[in-house]
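Peer 1: Before anything else, here's the structure in question.
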Amino acid sequence: MKYLLANLLLLFAITSSAQYIVSGGTAPPYEYTDGLGGTGIEKIYLLNTFSGASISYTSDAAVVRFYKYTHSIDDKVLIPYSEISTSNSGNKTTYTITNLQDSRGYFAEINGKANPVIWIIDYSQHLPVLNSIEPDRSAEIEDQCTSLKLLIEKSDDLHYYTTTGGKYSIIRKYVIEYPDLDRSNKEFTPMVEEIGPIDFGTYRTIDPPLTDTKFKISGDQFAKHFGLNIYKESTAYIAIATKAFIVAEQVSATAPSGITTELGGSAPAEINFFGYANEPTAHFYTWFIYNTSDLQNPIVRYTDRNIRYTFNESGNYKVVLESVSRGSSCLTSTSVEFSISTSSLEIPPNYFSPDANSETAKVFRIGEYKSLIKFKCSIFNRWGNKIYEWTDPSKGWDGKYKGKYVNTGVYFWVIDALGSDNERYQKAGDVNVIRKK
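Residue numbers (mature numbering (1 follows the signal peptide of the UniProt record, and there is no 0)): -18 to -1, 1 to 419.
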(Lines of atoms letter the chains of each structure in order from A and count residues from 1; the text may use other names and numbers.)
(Lines give C-alpha, C1' and ligand atoms only; values in the text may rest on other atoms or scores of the structure.)
Protein backbone atom coordinates (compact mmCIF):
# COMPACT_ATOMS: atom_id res chain seq x y z
CA MET A 1 0.00 0.00 0.00
CA LYS A 2 2.83 2.39 0.87
CA TYR A 3 4.52 1.55 -2.46
CA LEU A 4 1.30 2.31 -4.34
CA LEU A 5 0.82 5.55 -2.46
CA ALA A 6 4.38 6.64 -3.23
CA ASN A 7 3.83 6.06 -6.95
CA LEU A 8 0.55 7.94 -6.90
CA LEU A 9 2.27 10.92 -5.33
CA LEU A 10 4.63 11.04 -8.32
CA LEU A 11 1.64 11.93 -10.48
CA PHE A 12 1.31 15.26 -8.72
CA ALA A 13 3.52 18.29 -9.18
CA ILE A 14 6.22 19.16 -6.76
CA THR A 15 8.00 22.33 -7.74
CA SER A 16 10.29 24.36 -5.55
CA SER A 17 10.81 28.10 -5.41
CA ALA A 18 13.61 28.93 -3.01
CA GLN A 19 12.39 27.07 0.09
CA TYR A 20 8.76 26.80 -1.02
CA ILE A 21 7.37 23.58 -2.45
CA VAL A 22 3.99 23.79 -4.18
CA SER A 23 2.13 20.60 -5.03
CA GLY A 24 -1.32 19.28 -5.85
CA GLY A 25 -3.84 19.48 -8.64
CA THR A 26 -4.16 17.10 -11.58
CA ALA A 27 -0.74 17.83 -13.10
CA PRO A 28 2.52 19.58 -12.24
CA PRO A 29 1.89 23.24 -11.38
CA TYR A 30 2.85 25.79 -14.01
CA GLU A 31 5.55 28.18 -12.82
CA TYR A 32 5.03 31.66 -14.25
CA THR A 33 7.83 34.21 -13.89
CA ASP A 34 7.32 36.67 -16.79
CA GLY A 35 7.61 40.31 -15.73
CA LEU A 36 7.81 39.65 -11.99
CA GLY A 37 10.89 41.79 -11.41
CA GLY A 38 10.20 44.51 -8.85
CA THR A 39 6.80 43.11 -7.86
CA GLY A 40 7.91 41.44 -4.65
CA ILE A 41 6.61 38.15 -6.06
CA GLU A 42 9.11 35.43 -6.75
CA LYS A 43 6.87 33.06 -8.74
CA ILE A 44 3.26 32.55 -9.67
CA TYR A 45 2.00 28.99 -9.42
CA LEU A 46 -1.02 27.89 -11.44
CA LEU A 47 -2.61 24.61 -10.37
CA ASN A 48 -5.34 22.77 -12.21
CA THR A 49 -7.76 22.51 -9.27
CA PHE A 50 -6.75 22.68 -5.64
CA SER A 51 -7.30 18.97 -5.12
CA GLY A 52 -4.61 17.96 -2.63
CA ALA A 53 -2.96 21.36 -3.01
CA SER A 54 -0.41 22.48 -0.45
CA ILE A 55 2.56 24.75 0.14
CA SER A 56 5.51 23.35 2.08
CA TYR A 57 8.28 25.38 3.61
CA THR A 58 11.33 24.13 5.51
CA SER A 59 13.23 26.25 8.02
CA ASP A 60 15.44 25.95 11.07
CA ALA A 61 14.32 29.35 12.40
CA ALA A 62 12.89 29.61 15.87
CA VAL A 63 9.88 31.71 14.87
CA VAL A 64 8.09 31.06 11.54
CA ARG A 65 4.75 32.57 10.66
CA PHE A 66 2.79 32.36 7.41
CA TYR A 67 0.60 34.99 5.82
CA LYS A 68 -1.59 35.45 2.79
CA TYR A 69 -2.91 38.58 1.14
CA THR A 70 -5.47 39.48 -1.51
CA HIS A 71 -4.63 42.95 -2.86
CA SER A 72 -1.42 44.00 -1.11
CA ILE A 73 0.79 42.98 1.75
CA ASP A 74 -1.00 45.59 3.85
CA ASP A 75 -4.09 43.35 3.98
CA LYS A 76 -2.12 40.30 4.96
CA VAL A 77 -3.85 37.68 7.11
CA LEU A 78 -2.06 35.33 9.46
CA ILE A 79 -2.64 31.72 8.49
CA PRO A 80 -3.87 29.83 11.56
CA TYR A 81 -1.88 26.87 12.77
CA SER A 82 -4.98 24.76 12.31
CA GLU A 83 -4.28 24.93 8.56
CA ILE A 84 -0.59 24.09 8.98
CA SER A 85 0.91 20.70 9.70
CA THR A 86 4.54 20.17 10.71
CA SER A 87 7.20 17.50 10.57
CA ASN A 88 10.75 17.54 11.90
CA SER A 89 14.03 16.30 10.52
CA GLY A 90 17.02 17.06 12.68
CA ASN A 91 16.95 20.74 13.57
CA LYS A 92 14.68 21.62 10.62
CA THR A 93 10.92 21.83 10.57
CA THR A 94 8.78 21.46 7.46
CA TYR A 95 5.52 23.40 7.52
CA THR A 96 2.74 22.34 5.14
CA ILE A 97 -0.13 24.73 4.42
CA THR A 98 -3.38 23.29 3.12
CA ASN A 99 -6.80 24.74 2.46
CA LEU A 100 -5.30 27.13 -0.11
CA GLN A 101 -7.32 30.01 -1.53
CA ASP A 102 -7.40 31.07 -5.16
CA SER A 103 -5.62 34.26 -6.25
CA ARG A 104 -3.71 34.89 -3.06
CA GLY A 105 -0.16 35.84 -2.24
CA TYR A 106 1.52 33.54 0.32
CA PHE A 107 4.74 34.18 2.18
CA ALA A 108 6.69 33.10 5.25
CA GLU A 109 7.91 35.49 7.90
CA ILE A 110 11.16 34.32 9.51
CA ASN A 111 12.05 35.86 12.85
CA GLY A 112 9.94 38.89 11.92
CA LYS A 113 11.35 39.29 8.38
CA ALA A 114 9.13 38.59 5.35
CA ASN A 115 10.41 36.20 2.70
CA PRO A 116 9.57 36.59 -1.02
CA VAL A 117 5.94 36.03 -1.97
CA ILE A 118 4.50 33.28 -4.13
CA TRP A 119 1.14 33.84 -5.83
CA ILE A 120 -1.25 30.90 -6.05
CA ILE A 121 -3.96 30.50 -8.73
CA ASP A 122 -6.54 27.76 -9.21
CA TYR A 123 -6.45 27.70 -13.02
CA SER A 124 -9.65 25.68 -13.24
CA GLN A 125 -11.46 28.81 -12.00
CA HIS A 126 -9.95 31.03 -14.70
CA LEU A 127 -10.21 29.06 -17.93
CA PRO A 128 -10.10 31.27 -21.02
CA VAL A 129 -13.35 31.70 -22.92
CA LEU A 130 -12.70 31.75 -26.67
CA ASN A 131 -15.82 33.24 -28.21
CA SER A 132 -14.86 33.53 -31.86
CA ILE A 133 -12.16 33.86 -34.50
CA GLU A 134 -13.38 35.08 -37.88
CA PRO A 135 -11.87 36.80 -40.93
CA ASP A 136 -12.82 40.44 -41.28
CA ARG A 137 -15.20 40.20 -44.21
CA SER A 138 -16.05 43.89 -43.99
CA ALA A 139 -12.68 44.87 -45.48
CA GLU A 140 -12.41 45.86 -49.14
CA ILE A 141 -11.85 42.88 -51.43
CA GLU A 142 -8.68 44.48 -52.81
CA ASP A 143 -7.24 44.65 -49.30
CA GLN A 144 -8.09 40.99 -48.66
CA CYS A 145 -5.94 40.03 -51.65
CA THR A 146 -2.75 41.09 -49.87
CA SER A 147 -3.58 40.68 -46.17
CA LEU A 148 -6.33 39.25 -44.03
CA LYS A 149 -7.36 40.43 -40.59
CA LEU A 150 -8.58 37.76 -38.18
CA LEU A 151 -10.93 39.18 -35.58
CA ILE A 152 -10.56 37.51 -32.17
CA GLU A 153 -13.09 37.71 -29.36
CA LYS A 154 -12.22 36.15 -26.01
CA SER A 155 -12.60 36.59 -22.26
CA ASP A 156 -9.37 35.78 -20.50
CA ASP A 157 -8.58 38.32 -17.82
CA LEU A 158 -6.17 36.82 -15.31
CA HIS A 159 -4.25 39.01 -12.91
CA TYR A 160 -2.26 39.18 -9.70
CA TYR A 161 -1.46 41.84 -7.11
CA THR A 162 2.04 42.91 -6.14
CA THR A 163 3.05 43.35 -2.53
CA THR A 164 2.45 47.09 -2.88
CA GLY A 165 -1.02 46.70 -4.41
CA GLY A 166 -0.25 46.98 -8.11
CA LYS A 167 -2.62 45.00 -10.33
CA TYR A 168 -0.93 43.26 -13.26
CA SER A 169 -2.21 40.94 -15.95
CA ILE A 170 -0.81 37.50 -16.53
CA ILE A 171 0.01 37.17 -20.21
CA ARG A 172 -1.87 34.35 -21.87
CA LYS A 173 -0.43 32.93 -25.07
CA TYR A 174 -2.43 31.26 -27.81
CA VAL A 175 -1.81 29.46 -31.08
CA ILE A 176 -3.61 30.17 -34.34
CA GLU A 177 -3.43 27.45 -36.96
CA TYR A 178 -5.07 26.76 -40.30
CA PRO A 179 -4.54 24.54 -43.36
CA ASP A 180 -2.84 26.41 -46.20
CA LEU A 181 -0.52 25.86 -49.16
CA ASP A 182 3.24 26.33 -49.09
CA ARG A 183 3.68 29.58 -51.02
CA SER A 184 7.47 29.35 -51.27
CA ASN A 185 7.55 27.20 -54.41
CA LYS A 186 5.46 26.15 -57.40
CA GLU A 187 4.42 22.83 -55.86
CA PHE A 188 1.99 24.53 -53.43
CA THR A 189 2.29 21.61 -51.01
CA PRO A 190 -0.51 21.40 -48.41
CA MET A 191 0.66 22.45 -44.95
CA VAL A 192 -0.63 23.73 -41.63
CA GLU A 193 0.31 27.32 -40.89
CA GLU A 194 0.91 27.94 -37.18
CA ILE A 195 1.28 31.28 -35.43
CA GLY A 196 2.32 31.41 -31.80
CA PRO A 197 2.18 30.75 -28.99
CA ILE A 198 1.97 34.51 -28.52
CA ASP A 199 -0.26 37.05 -26.82
CA PHE A 200 -3.05 37.85 -29.29
CA GLY A 201 -5.15 40.94 -28.84
CA THR A 202 -8.45 41.50 -30.61
CA TYR A 203 -7.09 40.79 -34.09
CA ARG A 204 -4.20 39.30 -36.03
CA THR A 205 -3.19 40.22 -39.59
CA ILE A 206 -1.91 37.36 -41.74
CA ASP A 207 -1.06 36.60 -45.34
CA PRO A 208 -4.33 35.55 -46.96
CA PRO A 209 -4.56 31.76 -47.31
CA LEU A 210 -4.17 30.29 -50.79
CA THR A 211 -6.79 27.60 -50.26
CA ASP A 212 -10.20 27.28 -48.63
CA THR A 213 -9.70 26.81 -44.92
CA LYS A 214 -10.87 27.26 -41.33
CA PHE A 215 -9.00 29.13 -38.61
CA LYS A 216 -8.52 27.67 -35.17
CA ILE A 217 -7.33 29.43 -32.02
CA SER A 218 -6.30 27.26 -29.08
CA GLY A 219 -4.71 27.68 -25.69
CA ASP A 220 -3.63 29.30 -23.58
CA GLN A 221 -0.16 28.01 -22.64
CA PHE A 222 -1.50 26.91 -19.26
CA ALA A 223 -4.24 24.82 -20.86
CA LYS A 224 -1.62 23.12 -23.02
CA HIS A 225 0.52 22.48 -19.96
CA PHE A 226 -2.41 20.82 -18.20
CA GLY A 227 -3.50 18.87 -21.27
CA LEU A 228 -6.75 20.78 -21.72
CA ASN A 229 -8.13 21.09 -25.25
CA ILE A 230 -9.56 24.61 -25.30
CA TYR A 231 -10.12 25.99 -28.80
CA LYS A 232 -12.48 27.82 -31.13
CA GLU A 233 -12.81 27.31 -34.87
CA SER A 234 -14.04 29.77 -37.47
CA THR A 235 -16.65 29.25 -40.12
CA ALA A 236 -15.38 28.19 -43.55
CA TYR A 237 -13.24 30.72 -45.39
CA ILE A 238 -13.28 30.74 -49.20
CA ALA A 239 -9.84 31.71 -50.50
CA ILE A 240 -9.49 34.54 -53.01
CA ALA A 241 -5.75 35.31 -52.96
CA THR A 242 -3.47 34.00 -55.69
CA LYS A 243 0.22 33.30 -56.02
CA ALA A 244 2.04 32.52 -59.27
CA PHE A 245 5.41 31.19 -60.40
CA ILE A 246 7.14 31.08 -63.78
CA VAL A 247 9.43 28.28 -64.90
CA ALA A 248 11.23 29.16 -68.14
CA GLU A 249 13.27 26.76 -70.28
CA GLN A 250 15.19 27.83 -73.36
CA VAL A 251 15.85 25.43 -76.22
CA SER A 252 19.62 24.93 -76.46
CA ALA A 253 21.68 23.00 -78.96
CA THR A 254 24.64 22.83 -76.59
CA ALA A 255 22.95 21.73 -73.35
CA PRO A 256 22.98 17.93 -72.83
CA SER A 257 19.23 17.87 -72.21
CA GLY A 258 18.48 20.22 -75.08
CA ILE A 259 17.16 22.90 -72.73
CA THR A 260 18.63 25.43 -70.31
CA THR A 261 17.21 27.68 -67.62
CA GLU A 262 19.73 30.41 -68.52
CA LEU A 263 17.60 32.72 -70.61
CA GLY A 264 18.59 35.08 -73.37
CA GLY A 265 21.78 35.25 -75.37
CA SER A 266 21.75 34.87 -79.10
CA ALA A 267 18.67 35.07 -81.33
CA PRO A 268 16.66 33.24 -82.37
CA ALA A 269 15.89 32.20 -78.78
CA GLU A 270 13.04 29.73 -78.41
CA ILE A 271 11.77 29.74 -74.82
CA ASN A 272 9.03 27.71 -73.13
CA PHE A 273 7.22 29.44 -70.28
CA PHE A 274 5.29 27.33 -67.75
CA GLY A 275 2.79 28.95 -65.40
CA TYR A 276 2.02 27.66 -61.91
CA ALA A 277 -0.57 29.04 -59.48
CA ASN A 278 -2.64 27.93 -56.49
CA GLU A 279 -5.45 26.20 -58.34
CA PRO A 280 -8.41 25.95 -58.02
CA THR A 281 -8.41 29.37 -56.31
CA ALA A 282 -6.33 30.70 -59.21
CA HIS A 283 -8.48 30.33 -62.29
CA PHE A 284 -7.05 32.38 -65.17
CA TYR A 285 -3.57 32.84 -66.64
CA THR A 286 -2.52 35.75 -68.86
CA TRP A 287 0.96 36.28 -70.34
CA PHE A 288 2.43 39.56 -71.56
CA ILE A 289 5.74 39.86 -73.40
CA TYR A 290 7.31 43.32 -73.38
CA ASN A 291 10.39 44.95 -74.76
CA THR A 292 11.53 46.96 -71.75
CA SER A 293 11.82 50.04 -73.95
CA ASP A 294 7.99 50.08 -74.00
CA LEU A 295 6.35 48.56 -70.94
CA GLN A 296 2.97 50.07 -71.79
CA ASN A 297 2.38 48.06 -74.94
CA PRO A 298 3.06 44.31 -74.94
CA ILE A 299 4.52 42.69 -78.03
CA VAL A 300 2.11 39.81 -77.60
CA ARG A 301 -0.52 38.56 -75.14
CA TYR A 302 -1.60 34.96 -74.43
CA THR A 303 -4.29 33.41 -72.21
CA ASP A 304 -2.88 29.89 -71.90
CA ARG A 305 -1.27 28.35 -68.84
CA ASN A 306 1.92 27.49 -70.77
CA ILE A 307 3.33 29.27 -73.81
CA ARG A 308 6.25 29.06 -76.25
CA TYR A 309 7.77 32.09 -77.92
CA THR A 310 10.73 32.66 -80.23
CA PHE A 311 12.64 35.90 -79.72
CA ASN A 312 14.05 36.93 -83.09
CA GLU A 313 15.05 40.50 -82.29
CA SER A 314 17.72 41.83 -79.98
CA GLY A 315 16.70 43.80 -76.91
CA ASN A 316 15.81 43.58 -73.24
CA TYR A 317 12.64 41.63 -72.53
CA LYS A 318 10.22 41.24 -69.65
CA VAL A 319 7.75 38.36 -69.58
CA VAL A 320 4.87 38.84 -67.12
CA LEU A 321 2.43 36.20 -65.89
CA GLU A 322 -0.80 37.39 -64.30
CA SER A 323 -2.98 35.00 -62.32
CA VAL A 324 -6.57 35.88 -61.47
CA SER A 325 -8.70 34.12 -58.86
CA ARG A 326 -12.14 32.67 -59.42
CA GLY A 327 -14.67 35.45 -59.51
CA SER A 328 -11.85 37.78 -60.61
CA SER A 329 -11.47 38.95 -57.01
CA CYS A 330 -7.68 39.03 -56.82
CA LEU A 331 -4.83 39.36 -59.29
CA THR A 332 -1.17 38.60 -58.74
CA SER A 333 1.75 38.80 -61.13
CA THR A 334 5.30 37.57 -61.46
CA SER A 335 7.89 38.13 -64.15
CA VAL A 336 11.26 37.20 -65.62
CA GLU A 337 13.66 39.45 -67.51
CA PHE A 338 16.49 38.68 -69.91
CA SER A 339 18.37 40.11 -72.89
CA ILE A 340 18.76 39.02 -76.49
CA SER A 341 22.13 40.19 -77.78
CA THR A 342 22.74 42.23 -80.92
CA SER A 343 23.95 40.26 -83.92
CA SER A 344 27.54 39.64 -85.00
CA LEU A 345 29.34 37.39 -87.45
CA GLU A 346 33.05 36.73 -87.82
CA ILE A 347 34.50 35.48 -91.10
CA PRO A 348 35.62 31.85 -91.17
CA PRO A 349 39.28 30.72 -91.29
CA ASN A 350 40.96 30.46 -94.70
CA TYR A 351 41.89 26.78 -94.47
CA PHE A 352 40.83 23.47 -92.96
CA SER A 353 41.83 19.81 -93.19
CA PRO A 354 39.05 17.19 -93.56
CA ASP A 355 41.36 14.44 -92.26
CA ALA A 356 42.56 16.37 -89.21
CA ASN A 357 42.45 14.68 -85.80
CA SER A 358 40.49 17.50 -84.20
CA GLU A 359 36.75 17.52 -84.79
CA THR A 360 36.75 21.30 -84.94
CA ALA A 361 39.64 21.49 -87.42
CA LYS A 362 38.19 18.95 -89.85
CA VAL A 363 35.01 20.98 -90.54
CA PHE A 364 34.83 24.38 -92.21
CA ARG A 365 32.65 26.67 -90.10
CA ILE A 366 32.03 30.37 -89.80
CA GLY A 367 33.64 32.24 -86.92
CA GLU A 368 31.90 33.44 -83.74
CA TYR A 369 28.33 34.62 -84.29
CA LYS A 370 25.37 35.94 -82.33
CA SER A 371 21.67 36.48 -82.96
CA LEU A 372 21.46 35.41 -86.59
CA ILE A 373 17.84 34.77 -87.54
CA LYS A 374 18.62 33.95 -91.18
CA PHE A 375 21.76 32.32 -92.51
CA LYS A 376 23.05 30.70 -95.67
CA CYS A 377 26.61 29.77 -96.64
CA SER A 378 27.42 28.36 -100.09
CA ILE A 379 30.64 26.68 -101.27
CA PHE A 380 31.80 26.96 -104.90
CA ASN A 381 34.67 25.38 -106.80
CA ARG A 382 37.01 27.35 -109.05
CA TRP A 383 34.62 26.97 -112.01
CA GLY A 384 31.73 28.57 -110.10
CA ASN A 385 29.78 25.39 -109.45
CA LYS A 386 27.97 25.21 -106.10
CA ILE A 387 29.08 22.06 -104.29
CA TYR A 388 27.65 22.58 -100.78
CA GLU A 389 25.26 24.81 -98.82
CA TRP A 390 23.96 24.97 -95.23
CA THR A 391 21.54 27.21 -93.33
CA ASP A 392 22.37 26.47 -89.70
CA PRO A 393 25.26 28.70 -88.56
CA SER A 394 26.30 26.09 -86.00
CA LYS A 395 26.96 23.54 -88.77
CA GLY A 396 29.62 23.53 -91.49
CA TRP A 397 31.19 21.82 -94.52
CA ASP A 398 33.07 18.55 -94.03
CA GLY A 399 34.97 18.88 -97.31
CA LYS A 400 32.81 16.43 -99.25
CA TYR A 401 30.90 16.68 -102.52
CA LYS A 402 28.38 13.97 -103.29
CA GLY A 403 29.77 11.86 -100.46
CA LYS A 404 33.44 12.05 -101.48
CA TYR A 405 36.20 14.33 -100.29
CA VAL A 406 37.05 17.08 -102.76
CA ASN A 407 40.54 17.60 -104.09
CA THR A 408 42.90 19.85 -102.22
CA GLY A 409 43.02 23.42 -103.39
CA VAL A 410 41.18 26.69 -103.19
CA TYR A 411 37.38 26.90 -102.86
CA PHE A 412 35.14 29.88 -102.44
CA TRP A 413 32.41 30.69 -99.90
CA VAL A 414 29.55 33.19 -99.91
CA ILE A 415 27.57 34.10 -96.78
CA ASP A 416 24.17 35.81 -96.73
CA ALA A 417 22.77 36.35 -93.19
CA LEU A 418 20.38 38.57 -91.26
CA GLY A 419 20.78 39.55 -87.61
CA SER A 420 18.02 39.96 -85.01
CA ASP A 421 18.74 43.69 -85.12
CA ASN A 422 18.10 43.69 -88.92
CA GLU A 423 21.83 43.87 -89.63
CA ARG A 424 22.54 42.33 -93.04
CA TYR A 425 25.70 40.25 -93.52
CA GLN A 426 26.91 39.58 -97.07
CA LYS A 427 30.42 38.24 -97.08
CA ALA A 428 32.59 36.21 -99.42
CA GLY A 429 36.05 34.70 -99.35
CA ASP A 430 38.17 31.67 -100.12
CA VAL A 431 39.28 28.63 -98.17
CA ASN A 432 42.11 26.19 -98.76
CA VAL A 433 41.35 22.48 -98.41
CA ILE A 434 44.45 20.74 -97.05
CA ARG A 435 45.10 17.05 -96.54
CA LYS A 436 47.83 15.24 -94.67
CA LYS A 437 48.14 12.62 -97.41
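The beta-carbon is built from N, C-alpha and C at its ideal position, and this holds for glycine as well.
Predicted model only: the values in this text are computed from it and were never measured.
Assign Lys196 to one of three DSSP states: helix, strand, or coil.
Peer 2: Three-state result, Lys196: coil.
Peer 1: On the DSSP letters alone, give me the boundaries of the beta strand (DSSP E) that Ala226 sits inside.
Peer 2: Counting along the chain, the beta strand (DSSP E) containing Ala226 begins and ends at 226 to 233.
Peer 1: Let me check understanding here. Comparing Cα to Cα, which of Tyr267, Gly87, Gly240, Val233 lies closest to Ala251?
Peer 2: The option with the nearest alpha carbon to Ala251 is Val233.
Peer 1: Taking Lys155 as the reference, give the member of Leu130, His207, Thr145, Pro117 with the closest Cα.
Peer 2: Considering only alpha carbons, the answer is His207.
Peer 1: Expressed to the nearest angstrom, what Euclidean distance is found between the alpha-carbon atoms of Thr292 and Gln203?
Peer 2: Taking the straight line joining both Cα atoms gives about 59 Å.
Peer 1: Starting from the C-beta of Thr274, find all residues in its chain whose C-beta is less than 6 Å away, skip the five residues before and the five after it, and write them out in chain order.
Peer 2: So the list reads Asn298, Lys300, once near-sequence residues are dropped.
Peer 1: Alpha carbon to alpha carbon, how far is Phe89 from Phe48? Give it in angstroms, no decimals.
Peer 2: Computed Cα separation, rounded: 6 Å.
Peer 1: Tell me whether Leu(-14) sits in a helix, a strand or coil according to DSSP, three-state version.
Peer 2: Here Leu(-14) scores only 35 on pLDDT, less than 50, and its place in the model should not be relied on; the value that follows carries that caveat. Helix, per DSSP.
Peer 1: On a CA-only basis, which of Thr243, Ile222, Leu303 is nearest Ser231? Give me that one, please.
Peer 2: For the record, residue 231 in the displayed sequence is Glu; it is not Ser. Nearest of Thr243, Ile222, Leu303 to Glu231, Cα basis: Thr243.
Peer 1: Reducing DSSP to helix, strand and coil, say where Asp57 ends up.
Peer 2: Helix, per DSSP.
Peer 1: Just the Cα atoms here: how many angstroms apart are Asn71 and Asn93?
Peer 2: Checking the displayed sequence, the identity of residue 71 turns out to be Ser instead of Asn. Rounded to whole angstroms, Ser71 to Asn93 spans 20 Å at the Cα level.
Peer 1: On the three-state DSSP scale, how would you describe Phe270?
Peer 2: Phe270 falls in the strand class under three-state DSSP.
Peer 1: To the nearest angstrom, how far is it from the Cα of Asp138 to the Cα of Gln278?
Peer 2: Straight-line Cα distance between these residues: approximately 55 Å.
Peer 1: With which residues is Phe255 paired in a DSSP beta bridge?
Peer 2: In DSSP, Phe255 forms a bridge with Ala230, Ile289.
Peer 1: Helix, strand or coil, according to DSSP, for Ser166 in the structure here?
Peer 2: DSSP places Ser166 in coil when its eight states are reduced to three.
Peer 1: For Val318 and Ile228, what's the separation of their Cα atoms in angstroms?
Peer 2: If I take the Cα positions, the gap works out to 8 Å.
Peer 1: Taking C-alpha atoms, which residue in Thr373, Tyr387, Asp162 lies nearest to Ile397?
Peer 2: Cα-wise, what sits closest to Ile397 is Thr373.
Peer 1: Helix, strand or coil: which one does DSSP assign to Arg283?
Peer 2: Arg283 falls in the strand class under three-state DSSP.
Peer 1: Would you give the residue range spanned by the alpha helix (DSSP H) that Phe204 belongs to?
Peer 2: Unbroken alpha helix (DSSP H) run through Phe204: 203 to 207.
Peer 1: Which residue comes first and which comes last in the beta strand (DSSP E) that contains Val45?
Peer 2: That residue, Val45, is in no beta strand (DSSP E); it is neither H nor E in DSSP.
Peer 1: Just list the beta strand (DSSP E) runs in the region 328 to 372, keeping only unbroken ones of 3 residues or longer that don't cross its boundaries, in chain order.
Peer 2: Listed in chain order, they are 354 to 362, 368 to 372.
Peer 1: Can you tell me whether Ser216 is helix, strand or coil according to DSSP?
Peer 2: If DSSP states are grouped into helix, strand and coil, Ser216 belongs with coil.
Peer 1: Evaluate the contact criterion for the region 58 to 71 versus the region 155 to 168: three or more CB pairs, one atom per stretch, below 8 Å.
Peer 2: Cβ pair count under 8 Å is below three, so no.
Peer 1: Report, in whole angstroms, the separation of the C-beta atoms of Leu82 and Phe32, which I expect to be a contact under 8 Å.
Peer 2: Yes, Leu82 and Phe32 are in contact; Cβ-Cβ is about 5 Å, under 8 Å.
Peer 1: Are Val345 and Asp380 close, meaning C-beta to C-beta below 8 Å?
Peer 2: Against a cut-off of 8 Å, the Cβ pair of Asp380 and Val345 comes out as a contact.
Peer 1: Put Leu(-9) into one of helix, strand or coil per three-state DSSP.
Peer 2: A caution first: Leu(-9) carries a pLDDT of 35, below 50, which makes its placement in the model unreliable, though a value can still be read off. Residue state, collapsed to three classes: coil.
Peer 1: Can you tell which of Thr40, Lys58, Ile103, Pro62 has the C-alpha that lies nearest to the C-alpha of Gly6?
Peer 2: Answer by Cα proximity: Ile103.
Peer 1: Over the uninterrupted beta strand (DSSP E) stretch that includes Ala410, give me the two end residues.
Peer 2: Where Ala410 is concerned, the enclosing beta strand (DSSP E) stretches over 406 to 415.
Peer 1: Since I believe Leu354 is in contact with Pro375 (beta carbons under 8 Å), could you give me their beta-carbon distance rounded to a whole number of angstroms?
Peer 2: Contact holds; Cβ gap of about 5 Å.
Peer 1: Specify the secondary structure class of Gly401 as computed by DSSP and reduced to three states.
Peer 2: DSSP places Gly401 in strand when its eight states are reduced to three.
Peer 1: For Gly178, which residues in the same chain have their Cβ closer than 7 Å to its Cβ, ignoring the five residues on either side in sequence?
Peer 2: Closer than 7 Å at the Cβ level, and outside the excluded window around Gly178, lie Lys155, Tyr156, Val157, Ile158.
Peer 1: Can you tell me where the beta strand (DSSP E) holding Ile188 begins and where it ends?
Peer 2: From DSSP, the beta strand (DSSP E) with Ile188 extends over 185 to 188.
Peer 1: Between the C-alpha atoms of Ile369 and Ile253, what's the straight-line distance to the nearest angstrom?
Peer 2: Their backbone Cα atoms lie some 35 Å apart in a straight line.
Peer 1: Of all the options Pro336, Gly349, Ala226, which has the alpha carbon lying nearest to the alpha carbon of Cys312?
Peer 2: When only C-alpha atoms are compared, the closest one is Ala226.
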